[in-house]
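Protein chains in written order, with the numbering used here: chain A, 1 to 182; chain B, 183 to 284.
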């Protein structure tokens, strides 16, 4: 019974995941694309939970579906109607080639997974209750993966500085604005 | 393990990754390209979490968290670029940026 319930939850989350993912790519309005991505991230968090990734699921909802997507929605709102570009670009040949690339990559990966399914890939290790808990993740971040943790903070700092530099007004722009005002 | 085995998670991950690739290659709006990139990163994250469960090691989840931080940085810079493009009154169309093309 318990197993059945988990299957149902998993199937709903997986269907939502694929559906919203396709919607992100196909929607013509960027706003609905971004909103679909929030649904996609939330359903992925459910899948993480079912795979015993409790802390990752929480971080996914807080950082991704929360903070990152709010930034996206802000920029889309700031751009307004200018965010609407033509749906697809390139020649017909290029579009067909893109779809074939994506489809063949999917086929290859699925075949590779299926070859090992039921064999190596279905032999899960036994885990304890603490697997994926914030305490365990935090312990690993401050012991085995301390370097990765510190480098991540530098990456975030560099990105923040980069964002500020990109957002700065150049001198020409400031001059042009001043002339306009005068 | 309750529910589906790990290959099911990996299959979802593969489908999401292919969706993201199609989005990056097909769409012209830089915003949608960035959103499709997010889908691809999340597909990789799902594979990481799945393999982490398969091997019973938490390293995969640690990597997934690192990927999240990198994705946040990437969105920060990417959106900064898009806003800079918009402020210079350039068309928001990735096909129109050809200056650096060889």
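The beta carbon of each residue, even a glycine, is placed where N, CA and C say it ideally should be.
If you reduce the DSSP assignment to three classes, tell me which class residue i lands in.
| i | result |
| --- | --- |
| residue 82(A) | helix |
| residue 269(B) | helix |
| residue 188(A) | Coverage of chain A is limited to positions 1 through 182, which leaves residue 188(A) absent and any answer about it impossible. |
| residue 209(B) | strand |
| residue 7(A) | helix |
| residue 114(A) | helix |
| residue 134(A) | helix |
| residue 1(A) | coil |
| residue 186(B) | coil |
| residue 150(A) | helix |
| residue 120(A) | helix |
| residue 139(A) | helix |
| residue 180(A) | helix |
| residue 174(A) | helix |
| residue 274(B) | coil |
| residue 264(B) | helix |
| residue 127(A) | coil |
| residue 287(B) | Nothing about residue 287(B) can be read from this structure; chain B reaches only from 183 to 284. |
Going by C-alpha distance, which of the options is nearest residue i?
| i | options | result |
| --- | --- | --- |
| residue 197(B) | 176(A), 99(A), 76(A) and 84(A) | 99(A) |
| residue 238(B) | 159(A), 165(A) and 130(A) | 130(A) |
| residue 30(A) | 180(A), 116(A) and 77(A) | 77(A) |
| residue 87(A) | 256(B), 199(B) and 206(B) | 206(B) |
| residue 54(A) | 123(A), 134(A) and 168(A) | 134(A) |
| residue 64(A) | 92(A), 84(A) and 43(A) | 43(A) |
| residue 169(A) | 280(B), 282(B), 204(B) and 270(B) | 270(B) |
| residue 245(B) | 138(A), 33(A) and 164(A) | 138(A) |
| residue 40(A) | 61(A), 50(A) and 94(A) | 61(A) |
| residue 260(B) | 184(B), 212(B), 234(B) and 283(B) | 212(B) |
| residue 35(A) | 179(A), 8(A) and 66(A) | 66(A) |
| residue 204(A) | 185(B), 280(B), 194(B) and 231(B) | Because chain A in this structure spans residues 1 to 182, residue 204(A) falls outside the shown range and cannot be described. |
| residue 127(A) | 202(B), 236(B) and 266(B) | 236(B) |
| residue 192(B) | 94(A), 59(A), 116(A) and 158(A) | 116(A) |
| residue 90(A) | 273(B), 190(B), 278(B) and 267(B) | 278(B) |
| residue 265(B) | 7(A), 174(A) and 163(A) | 163(A) |
| residue 9(A) | 95(A), 50(A) and 177(A) | 50(A) |
| residue 262(B) | 174(A), 165(A) and 180(A) | 165(A) |
| residue 93(A) | 208(B), 283(B), 247(B) and 227(B) | 208(B) |
| residue 273(B) | 81(A), 97(A) and 110(A) | 81(A) |
| residue 187(B) | 58(A), 19(A) and 125(A) | 125(A) |
| residue 200(B) | 102(A), 2(A), 68(A) and 159(A) | 102(A) |
| residue 190(B) | 70(A), 107(A), 14(A) and 58(A) | 14(A) |
Can you confirm whether residue i, when its beta carbon is compared against all beta carbons of chain E, has any partner nearer than 8 Å?
| i | result |
| --- | --- |
| residue 251(B) | In summary, chain E is missing from the structure at hand, where the protein chains are A and B. |
Any heavy atom of the ligand FAD closer than 7 Å to the CB of residue i?
| i | result |
| --- | --- |
| residue 155(A) | Here there are no bound small molecules, and the ligand FAD is not part of this structure. |
Any contact of the segment 222 to 232 of chain B with the segment 241 to 255 of chain B, i.e. 3+ C-beta pairs under 8 Å?
yes
Note down, in chain order, all residues in the segment 20 to 40 of chain A with a beta-carbon under 9 Å from any beta-carbon belonging to chain B. 21, 22, 24, 25, 26, 27, 30, 33, 34, 36, 37 and 40
The segment 212 to 219 of chain B touching the segment 143 to 150 of chain A, judged by at least three CB pairs closer than 8 Å: no
ask   = Going along the chain, which residues of the segment 71 to 85 of chain A sit with their C-beta nearer than 9 Å to a C-beta in chain B?
value = 71, 72, 74, 75, 76, 78, 79, 82, 83, 84 and 85
>> Give the list of continuous alpha helix (DSSP H) stretches no shorter than 4 residues that lie fully inside the segment 19 to 103 of chain A.
In response: 30 to 50, 54 to 59 and 69 to 79
- Task: Could you name the residues of the segment 102 to 115 of chain A whose beta carbon sits closer than 8 Å to any beta carbon of chain B, in the order they occur along the chain?
- Result: 102, 103, 105, 106, 109, 110, 113 and 114
Just checking, does the segment 16 to 24 of chain A make contact with the segment 169 to 180 of chain A on the three C-beta pairs under 8 Å criterion? no
### Message
In chain order, what are the residue ranges of uninterrupted alpha helix (DSSP H) at least 4 long that sit wholly in the segment 197 to 258 of chain B?
### Response
212 to 237
Practice item. Using a Cβ-Cβ cut-off of less than 8 Å, list which residues of the segment 44 to 61 of chain A approach chain B; keep chain order. Key: 44, 47, 48, 50, 51, 52, 53, 55, 56, 59 and 60
Check each residue of the segment 209 to 231 of chain B: if its Cβ is closer than 9 Å to any Cβ of chain A, include it; give the result in chain order. 209, 210, 211, 212, 213, 214, 216, 217, 218, 220, 221, 224, 225, 227, 228, 230 and 231
Compile a chain-ordered list of the residues in the segment 184 to 203 of chain B whose CB is closer than 7 Å to at least one CB of chain A. 184, 185, 186, 187, 188, 189, 191, 192, 193, 194, 196, 197, 198, 200, 201 and 203
Pull out every residue of the segment 236 to 247 of chain B whose Cβ sits closer than 7 Å to any Cβ of chain A, in chain order.
236, 237, 238, 240, 243, 244, 246 and 247
Looking at chain B, which residues of the segment 161 to 181 of chain A have a Cβ within less than 7 Å of any of its Cβ atoms?
-> 162, 163, 166 and 167
Anything in the segment 273 to 284 of chain B with a Cβ closer than 8 Å to a Cβ of chain A? List those residues in chain order, please. 273, 274, 275, 276 and 277
Listed in chain order, which residues of the segment 129 to 142 of chain A have Cβ atoms closer than 8 Å to some Cβ of chain B?
131, 132, 136, 137, 140 and 141
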